[in-house]
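Structure first, then comments.
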Amino acid sequence: MRKTRLLTPGPTPVPERVLLRMAQPILHHRSPDFEALFERVRGKLKKLFGTQQEVITFVSSGSGAMEASIVNFLRRGDKIIVVDGGKFGERFGKIAQAYGVEPIILKVEWGKAVDIAAVKKALDENPDVRAVCVQASETSTGVAHPVKEICELTRNHQAITIVDGITAVGVWDMPMDEWGIDILLSGSQKALMLPPGLAFAAVSEKAWKHNETANLPRFYFDIKKEHGSQKKNQTAWTAAVSLLAGLDEVLNIIEEEGYDELYARHDRMARASRAAMEALGLELFAENPSPAVTTVKAPEGLGSGKIVKHLNKTYGIRLVAGQDHVKDTIFRIAHLGYFDDFDVLTAINAIEMTLNDLGHPVARGKGVAAAQEILSA
Ligand SMILES: *Cc1c(COP(=O)(O)O)cnc(C)c1O
54 MRKTRLLTPG PTPVPERVLL RMAQPILHHR SPDFEALFER VRGKLKKLFG
104 TQQEVITFVS SGSGAMEASI VNFLRRGDKI IVVDGGKFGE RFGKIAQAYG
154 VEPIILKVEW GKAVDIAAVK KALDENPDVR AVCVQASETS TGVAHPVKEI
204 CELTRNHQAI TIVDGITAVG VWDMPMDEWG IDILLSGSQK ALMLPPGLAF
254 AAVSEKAWKH NETANLPRFY FDIKKEHGSQ KKNQTAWTAA VSLLAGLDEV
304 LNIIEEEGYD ELYARHDRMA RASRAAMEAL GLELFAENPS PAVTTVKAPE
354 GLGSGKIVKH LNKTYGIRLV AGQDHVKDTI FRIAHLGYFD DFDVLTAINA
404 IEMTLNDLGH PVARGKGVAA AQEILSA
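Heads up, the sequence shown is in the numbering used here, so the first residue is 54 and it goes up one at a time.
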């Protein structure tokens, strides 16, 4: 027998308690039971996002919330700044173009965080910019961008800050209201420990002002319509009732763990993963690493594709390699959501065995030992 272990940055594993909760009989979405459930979920989501605003739920993958954050707040021909340092940054630019919004693309070398001076310069040179789009955690490169600093730049500018927090919300503390984030996005299948199918967007007062003049086409993702329904514990369209029941359970698990420990656990797992890879003589890829995922350069002459294939086939460990031009040069160790210290140790162990199997000898247990130093501190 061999177990299969999903150690990827989305979808992520789902806790047994949540699976059981989602297996309960289907609720009807126009019923008092559903409204009571949704009211509880709405309250807990606000705490998680650090906001007094409504956290609006969509039935879609995370990209649906990205699209909603463009179509509901901008006008045809508007200029926006897009931080593009990876696959997801690039997606914001593509969505904007699809709707006739003009993105000013701030290209960032993969593996690096955006330089705050470059954002400032772009804002100064383009006072008519209406939004800045950025990933808090760029999952394709494992980089965390300086969201708080970007919000300080837009605070006194007409531009709103649209933050893709899909692998950040629930990973580290990013209080939306305190930091001045205008639109904060998340999705179900990452740190929220659920199957794919829900996306979230919380909206500031400043962003609601943009909504009044927005004229891009939208129907399913009309956020004002959703907001009107969701404030009253209803949804515009059929709610994903079972996923919302699962979310109720997830948010209970998070509150039982406590926010301090939730964030401390992610930070600890990330530090242990990085220390382990460095102890094995491997180079880290991300300059300002996200605590959600550790990106590692494959050793010279050994493609990361081969590493992840071996991990999967031989050990049942599902890790992912890179995307696009770093597809075969990096691999990614996820540690977000339903992950604990021993998931991290398992990943490190399997990586050590794999490197030895593939003719890149590393000292057995050296990475694990480095991780233990951090995990048992
Ligand atoms: C997963 C993810 C998304 C959304 O991707 P979907 O496949 O649509 O769920 C967006 N941004 C980031 C940073 C992500 O990690």
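For every residue, glycine included, the Cβ atom is placed at its ideal position computed from N, Cα and C. Please read these numbers as outputs of a predicted model, since none were measured by experiment.
Between ligand 1 and the CB of A260, the shortest heavy atom gap is not smaller than 8 Å.
The DSSP-derived three-state label of G420 is helix. Within its own chain, the residues whose Cβ lies closer than 7 Å to the Cβ of H210, once the five positions on either side in sequence are excluded, are L176, listed in chain order.
Inter-residue distance for G299 and V71 is about 5 Å (C-alpha atoms, whole angstroms). One thing to note: V136 has its Cβ no nearer than 9 Å to the Cβ of V182. Taking the C-beta atoms as reference points, T348 is found no nearer than 9 Å to L364.
Rounded to whole angstroms, the Cβ separation of A189 and G218 is 5 Å, and the two are in contact under 8 Å. Sixteen is the threshold: since fewer than 16 other Cβ atoms of the shown chains lie within 10 Å of the Cβ of K174, the residue is exposed. For Q188, DSSP records a beta bridge to D217.
DSSP, read as helix, strand or coil, puts V379 in helix. In the same chain as E162, and ignoring 5 residues on each side of it, the C-beta atoms closer than 8 Å to its own belong to G138, in chain order. Sixteen is the threshold: since fewer than 16 other Cβ atoms of the shown chains lie within 10 Å of the Cβ of L73, the residue is exposed.
At the C-beta level, G103 and M227 come within 9 Å of one another. Three or more beta-carbon pairs separated by less than 8 Å are not found between the segment 416-426 and the segment 371-384, which leaves the two stretches without contact. Comparing C-alpha distances from G418 to each of P344, L333, L389 and I370 shows the shortest one belongs to L333. Closest in C-alpha terms to E279, from the list L269, K100 and W290, comes W290.
A Cβ-Cβ separation of about 14 Å leaves T194 out of contact with G63 under the 8 Å criterion. In this structure, Q106 lies away from V224, with their beta-carbon atoms at least 9 Å apart. Under the three-state reduction of DSSP output, A351 falls in the coil class, being neither helix nor strand.
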